[in-house]
Amino acid sequence: MKAARIREYHKPLVMEDVAIPDIKADEVLVKVAACGMCRSDVLLVDGFFQNYTDIPPPIIPGHEITGTIKKIGSLVPKAAGIEEGDHVVVSPGWGDGVCRHCQVGNTHICPNVRWPGFGTYGGFAEYIPVPARYVIKVAKQLKFEELAPLTDAGLTPYRGIKKIRDAGGLGPDRIIGVFGVGGLGTYAVQYAKLLGAGATVVAFARNPDKLAVARKYGADHIIAVKGKSAADVGKELKTATGQDKLDAIIDCVGAPEMVQLGFSLLGISGHYADVGFVGDRIDVPLFPRVSGEQTFHGSFWGNNADLSEVMALATEGKIQHTIKTIGFEQINEYLELLRGNNVVGRAVVKF
Ligand SMILES: [Zn+2]
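Heads up: the sequence shown begins at 279 in this note's numbering, then just goes up one per residue.
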């Protein structure tokens, strides 16, 4: 099969032919139809995750995976309801199934988690073996290039906003800020409207083209932040909404300057859900967090239940996409564009 692999960190991927993987008895073989390209793929190539865990090459990146079932392992129960030819999305966090996090369904934060696209097999290849419990069957009328990004870009902000909602941070008298309108943010804006219980949605980004997408997807207000102080941004927020503080933030970037801006705009009893980790560090004053009783939520990717909910919304046609479909041979070119933050919406490799 064709595969794009990391042979050495910090180098372009190597396009090569490798053997089609065997499957274990509890796995299925998925023929990849489309795979989204994520900023995390760039972080992976650039060695970011080596700070936290050793992932030895060769690695096939690509974790936003959708395709068709090609083969089913002998121990996969009939009750799984999977047949050859079914269309599926691949749920990203493969837990050990026995720890307390797995037991409550949060397999993606299992201490023994495996992630597709961060090891031997990933979506930048024609086939991938997947434990049967981590595929979700989807309706055949849905487009593969739209399904792929829903497994990360369209899943991660969904879980983050759910956390704010479940903590009571949304409602008709609240303002939620969406920080960053890249791959994740275009979905975050839509979920903020869908799950916000009437909250006003304000999108913040540096790039005006990306803000235009946020507006199209229902942001009530958009604010360009490039070159502006936190005080200036606060004034614009007040002009737009009548208040200069945010009640909730979904941060899809996690860059130091965005985090600092976000916390400086966060109001009393505010909730900050961060799903981005571009900067890897936060440095913010502590007293306003304590005196204003603010809450920080780390939110990571999503579990099977979250992904099933996203699939239900997609099936109902409630999610809009900004997608650039590319060919296998363009992967390195688009990794470079992603590295420079120059992709509007999501680039998706289609096989
Ligand atoms: Zn576990």
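Each residue gets a CB set at the ideal place from its N, CA and C atoms; glycine is no exception.
Query, Result
"Residue span of the alpha helix (DSSP H) that contains Thr-478, given as start and end", "Counting along the chain, Thr-478 falls outside any alpha helix (DSSP H), though it belongs to the beta strand (DSSP E) covering 478-483."
"Asp-319 to Ile-406 span [Cα, whole Å]", "17 Å"
"7 Å Cβ cutoff met for Ala-533 and Val-556", "yes"
"C-alpha distance - Ala-483 paired with Cys-530, whole-angstrom precision", "10 Å"
"From Arg-493, Leu-489, Asp-498, Phe-457, residue whose alpha carbon lies closest to that of Gly-476", "Asp-498"
"contact_flag[the segment 445-458, the segment 298-313] where n(CB pairs < 8 Å) is 3 or more", "no"
"CA-to-CA distance, Val-588 to Met-279, given in whole angstroms", "30 Å"
"Sufficient close CB pairs (3 or more, under 8 Å) joining the segment 487-495 to the segment 539-549", "no"
"Spatially closest choice to Leu-524 from Ser-352, Gln-608, Gly-447, by CA coordinates", "Gly-447"
"N-terminal and C-terminal residue of the beta strand (DSSP E) that Met-293 is part of", "292-295"
"Any non-hydrogen atom of ligand 2 within 6 Å of His-379 CB", "In the structure on display, ligand 2 does not appear, and the ligands it does have are ligand 1."
"Per-residue DSSP class, three states only, for Cys-530", "coil"
"Near ligand 1: Gly-383 beta-carbon under 6 Å from a heavy atom", "no"
"Beta-carbon gap between Gln-572 and Leu-544 smaller than 7 Å", "yes"
"contact_flag[the segment 595-606, the segment 365-372] where n(CB pairs < 8 Å) is 3 or more", "no"
"6 Å CB neighbourhood of Pro-339 in its chain, flanking five on each side removed", "Asp-319, Leu-322, Gly-395, Gly-400, Phe-402"
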